Amino acid sequence: VYTYAAEIHNAFFAVAITNSEIVRNYGIAWEPGAFSLLVCVALIFETTFYRNINYKRVLIFIITIITTFSTSGYIAMFGILYACLFYKRKFTKKEKNILCLMFCLMIVFVLTTPDQIMNLVFDKLNGLFSGGELAYTTQSRLNAIKYPLQAFFSSPFTGVGFEKFMIINRTLCDSVATNTIINWYAVLGMFLGLPCCIGLFSCLYKIAKRINAPKINAVILCVAMTLLLSTESLLRISLVYILVFWGFSQRKIEGINQIE
30 VYTYAAEIHN AFFAVAITNS EIVRNYGIAW EPGAFSLLVC VALIFETTFY
80 RNINYKRVLI FIITIITTFS TSGYIAMFGI LYACLFYKRK FTKKEKNILC
130 LMFCLMIVFV LTTPDQIMNL VFDKLNGLFS GGELAYTTQS RLNAIKYPLQ
180 AFFSSPFTGV GFEKFMIINR TLCDSVATNT IINWYAVLGM FLGLPCCIGL
230 FSCLYKIAKR INAPKINAVI LCVAMTLLLS TESLLRISLV YILVFWGFSQ
280 RKIEGINQIE
């Protein structure tokens, strides 16, 4: 039993909740937003590290992100697709057909999705401007920025440390201080928080440079990743630190041939 008496079950290949009002794709993660983040990272790799993109996998990733019903996942997915895939000026006829099919599927999804699910995805945004049903969730997201920032300003160079941050998270942020980048500064201060940001964005710039994308695409990629990291706390998740250290590596990021 997890938060709000939700019954969580291990389905081996995924996490399943049996008494949820809306079925969402948790995948192997602790919540749908986290799973959408992991799949978005996979989408970046798939569209940049292979010389021949496997569009079947790209389509699977898109469908997977859609089934998480994660607001940040949706926005980041479109940013990643543009920055890493759609920006290309020349496509083969086969690629054009595949991209048209993917676009049509997205349109069908938007037109046929029940209002309950659409509200789930977009009410968080409405909560910024009105008192919608998910205004509480929106306020929690804002608190996840406000109080960790206050903690950072109280100790800007070395941070407040993980234990004090957890107290702030529990008492002031309803245990949902999920903005990884701000949390870096709150916990580690400028001394280590700034290098984490530099390494992460340097890695994303190298990825965009590898596919010869314009610099604006690197900016879009950084914005997409910032959005994803602003809704999930990855303070103790190794994946994000792999990207950080990769950003500081002097070795050129190499791609691999697609295995058909």
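Residue numbers (the numbering used here): 30 to 289. Glycine included, C-beta positions come from ideal geometry on N, C-alpha and C. None of the values given here were measured: they were computed from a predicted structure.
DSSP, read as helix, strand or coil, puts alanine 43 in coil.
Residue state for tyrosine 79 is assigned as strand, using DSSP reduced to three classes.
Separation of phenylalanine 90 and leucine 128 (C-alpha to C-alpha, rounded to the nearest whole angstrom) is 14 Å. Cysteine 226 and leucine 272 do not touch by the CB rule: their CB atoms are close to 11 Å apart, not below 8 Å. DSSP, read as helix, strand or coil, puts isoleucine 37 in strand. It is roughly 21 Å from the alpha-carbon of phenylalanine 107 to the alpha-carbon of glutamate 60.
Around the beta carbon of cysteine 133, fewer than 16 other beta carbons lie within 10 angstroms, which makes this residue exposed. Distances from the alpha-carbon of threonine 260 to those of Phe274, Ala40, Ser65 put Ser65 closest. For the pair tyrosine 270 and lysine 123, the Cα-to-Cα distance works out to about 37 Å. In the structure shown, glycine 56 adopts coil according to DSSP, grouped into three states. Closest by C-alpha distance to alanine 173, out of Trp275, Ala253, Tyr234, Ala215, is Ala215.
Contact check for serine 101 and leucine 257: beta-carbon distance about 6 Å, within the 8 Å limit, so the pair qualifies.
Classified as buried, arginine 53 has 16 or more neighbouring CB atoms from the shown chains inside 10 Å of its CB. Distance from the CA atom of tyrosine 111 to the CA atom of alanine 253, rounded to whole angstroms, is 11 Å. One Cα belongs to tyrosine 79, the other to phenylalanine 277, and the distance between them is close to 22 Å.
Residue nearest to methionine 135 within the set Tyr103, Leu114, Phe120 is Tyr103 (criterion: CA-CA distance).
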